[in-house]
Each structure stands twice: as structure tokens, then as C-alpha cells.
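Residue -14 is where the sequence shown starts when you use our numbering, and the numbers rise one by one after that. Using N, Cα and C, we set each Cβ at its ideal position, and we do this for glycine too. Treat the numbers as computed from the prediction; the structure is a model and nothing was measured.
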Amino acid sequence: PTSPPPYQRIHQPPPPPPLSFFCYPPFFCLIMLFSLVLIASLSLSHAVSIQKNKLNSAVHGASVHVNGESRESALSESLGKLRGVLDEVQRVVDFCGTCDKEEQVRKVISRIRSTKGCQSTGYRGTADRTGEPDTCHYFGLLPDNDAPTTPPLVQPALIGLQSTATISQVTSLVTGTSSVSLRWAQHHDANVSVTVTCPSSDCTVGQPSCSHYRVALYKSPTLCQASIAWTPADVPGTVDVSLVDGASGTTVRYPIVVGSSRRRLLVVGDIGHAPQSAAVAASMAVRHAQAPADALLVAGDLSYANLDIHRWDAWLDDTMAATSLPPLAPAPGNHEMFDLMASYRARYGSTYYSVDLLGGAVHLVVLNAEELLFTHWQDQFTFLTNDLATVPDSAFVIAMWHQPWYCSNTKHEDS
């Protein structure tokens, strides 16, 4: 039929009023009215919040001055002063030659201890470096009266960017009583060769291998490694490693003190990349200069990168590679879990391993306690059982992982 039956016309809704066609049926009008009121309220609240923040910023900016300098300026000058201390320590350790190295290091320690502290800005430190405002400044370093009036420039790595140097992040991992795995980062177009001179008659360098990794939008610099070994292990001296970039002519020297008559280990954890971290690295460098250590055991939470993966580059550039430290023996911590250990594995390899130290007198077992949260912890348990079965009875066995068994700090006792 050309027209619908009458009963279909009866059930059709009546046409909307001429002026209300845009909000028909009526509850649409209520929804639109409610939306307009909500938008207006949010806009007004946002405007009030902006004005309140401006007022708070003005009050805060007028109340956080330290001796005429703002907090940011004081922190920048403090970092500049700390870098000067680190440079002095490194000069003493690397280039002192025949001078009285111990006396020079004492002067550096005296300079660190004599710096000012307890000014009107800063934070009180806690075990995980979170704290409330207190009366002591960051790591107790404030500019002296003769400090430069212009704050020093902050290096790019300090703000989370990769270093512009063709060779950077030079460290090493201890792999045995007389061997290390040299680690460094380089530009993709660099052509780096490694040369080694040893106090003993025999030392070898393996063929370098390089790679990079990605996490989300982050792409690492080219990360390289080469094995270095020397025999015999008990000849005292320095394994002098040089990395030379044939493209730019850059040379980086990396000394490793070996064969010390008295065996020592340095142990540290939760270093991170913060103002306090550089002071910790400087303290370790001074200890290492006074009494060389065979290895530096790092018990987890290395860079505190979390999901800011660039912080790994900054941590290695500014904190670890900026000072003369012994070869590392790292363990993963909970702050390495944010990218599922991708950065840790790319830079340090396995998350659990064992290595002989101190001429074989110590057998170090490094464990990954984070894997206890997952089902594949059995692989690590099998490794540990098999590894301990081969350790001689004469060796001390040291096991290291991140979480402490006992702790006097109750803040994280249930974690």
C-alpha cells in the first residue's frame, strides 16, 4: 500500500513542539541543563584554584630564601661545590703519582666535614630517602662566602638526558678473583678499542660486544662490554684500562687496583640518583683511595629509575662513573621491577649469580628476592642448591639480596 494502515499512525509519537525539537523528549533538557551547571562549576573551581596557587607560590617564594639566595640557587651551588670535591678526590686517586696520597685524601675529608649544614631549607633523610622538611640542607653543603655568584651549569645527565660524550658510563663487574667485565656506553658511530696494561706478565682482553635496548619510548645508548683477565691474581698494582675512540680521538682511562695484601669489600645499597647519592659515591671513593677494595657490593635499588628509564644513564654518568670505584657486584631490588628488570638485565645480565672474591676466600651468592613473588622462583632455588654443593668448606659464603631479614626501621616492616 502507498500509505501505512491507520493503526500505525495511531502509535506514532506526536511531533515535538516547534521550539523544543533540540531537547525532545523533555529529560534531554534536564541532562543538558545539569551538564551546563557542572561545566560552569568546574570552570569556576579551576579559576579559583589557579588564583590560590598563584597566591601560595608568591607566599612560598617570599619565604624560602636562604641568605638572599633561593632554594634552587642554593641547591645548584651546592651541587657545584660537591662536584668540585668529587673532582679533587678523583685527581688524588688517579693522578697523585708519588705524592702523599693519604695526606691529600685526609684534606678532602676535612673539607667535606667542614662544610656548612643545618640551614633553613632541606629535608630530613629516611631509609628510603623520603622525608619531611627539616632544618638541615641537602647533604650539608651550602656555598661558602667565596663561592661563585653564578650557579654552575647542570650537566645534561643530571636532568635525565644521555651524556654527549662519545664514551661514558664506564664501570666494571667483578667476574672472578682476577677478572672483570668492563662496561661502557658509546655513540652509535664511535669506534672504541680497549687496551690493558697489567702489573703481572699476562693479561687478556676479550672482543667487545655491543647492543642496545628499548623500554616504551626510551632507547638506550649503545651499551658495550669486554672481558678483562690477568694472571697471577696476587701481584699488587693497577690494571690500567684505556678506552680509545678512533673516530673522535677520545680516551678514557679506567684503573683497577689489584693484588692488595689486605682484602676488603665495600657494601652499599639504595644508592639512587639524588643529591645525597653523589655524597655517598664520594665517601666510597675516599674509602677506596685509602684502602683499595676488591669489589663494591650493591645490594639492590641501584638507580631508582622506576619508569624514568633515562635515570639509568644519569645514575651511571653522574654517580657511579664520575668517581673511582672498585668493580661492582650488583643485586636487583624492588625499584628495578618497574620495567620488569629490562634495564637491569641489559646492563648487568642475570639477576642471580655467584662469583669468587678475595682470592677465592669468599664465595658471593647474589639472589633476586623479587622472583619470590612469581612462579619461576624454583629455577633460582635449583641454581642455589647446585652452586652451594660446589663451594669448598674453606671458603666463606656471603649471600646478598635486597630485602633485609631484620630491620630497626618499622616504616616498611610489613612489606
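The beta carbons of V347 and A380 sit about 6 Å from each other, so the pair counts as a contact at 8 Å. Contiguous beta strand (DSSP E) elements confined to the stretch 234 to 266 occur at 236 to 243 and 250 to 253, taking only those with 3 or more residues.
For W297, the enclosing alpha helix (DSSP H) starts and ends at H295 to A299.
The secondary-structure analysis by DSSP pairs S166 across a beta bridge with L158 and S212. Taking all protein chains shown into account, C392 has fewer than 16 neighbouring C-beta atoms within 10 Å of its C-beta and is therefore exposed. Just so you know, the alpha carbons of D174 and L301 end up roughly 21 Å apart. DSSP places T223 in the uninterrupted beta strand (DSSP E) bounded by G222 to D230.
For A150, the closest of T370, V177, A263 and Y198 by C-alpha to C-alpha distance is V177. Apart from the 5 residues on each side of it in sequence, F368 sits with its Cβ closer than 7 Å to the Cβ of Y337 in its chain, given in chain order. Under the 8 Å Cβ criterion, the stretch 252 to 266 counts as touching the stretch 275 to 286, having at least three qualifying pairs.
Where Y198 is concerned, there is no enclosing beta strand (DSSP E), because DSSP gives it neither an H nor an E.
Just so you know, the alpha carbons of A314 and L158 end up roughly 6 Å apart. Cβ-Cβ separation between V190 and G222: approximately 17 Å, too far for a contact (criterion under 8 Å). S339 and V382 have their C-alpha atoms spaced approximately 10 Å apart. DSSP places D372 in the helix class (H, G or I) of the three-state scheme. When C-alpha distances from P217 are compared across S245, Q192 and G234, the shortest belongs to S245. Between the C-alpha atoms of A276 and T360 there is a straight-line separation of about 43 Å. In this structure, H258 lies away from A316, with their beta-carbon atoms at least 8 Å apart. According to DSSP, residue pairing for M385 in a beta bridge involves V351. A direct Cα-Cα distance of roughly 29 Å separates A327 from S227. If you draw a straight line from the Cα of G318 to the Cα of H31, it comes to about 41 Å.
When rounded, the separation of the alpha-carbon atoms in W386 and L21 is 57 Å. If you compare the alpha carbons of L310, T160 and L292 with that of V200, the shortest gap goes to L292. Between D279 and L343 a beta carbon distance of about 6 Å is seen, short of the 8 Å cut, so the two are scored as contacting. Runs of beta strand (DSSP E) with 3 or more residues, each lying fully within the stretch 302 to 339, are found at 313 to 316, listed in chain order. Nearest in C-alpha terms to V220, of all of Y333, D230 and R247, is R247.
Between M305 and T207, the C-beta gap is not smaller than 8 Å, which leaves the two residues out of contact. Bounds of any beta strand (DSSP E) do not take in T395, whose DSSP letter is neither H nor E.
Looking at the DSSP output, T189 shares a beta bridge with A214.
Each of T375, Y329 and G345 was checked against the Cα of N353, and the nearest Cα belongs to Y329. In this structure, DSSP gives D378 a state outside helix and strand, which the three-state scheme calls coil. Between the beta-carbon of P312 and that of V181 there is about 14 Å, and that puts the pair past the 8 Å contact cut.
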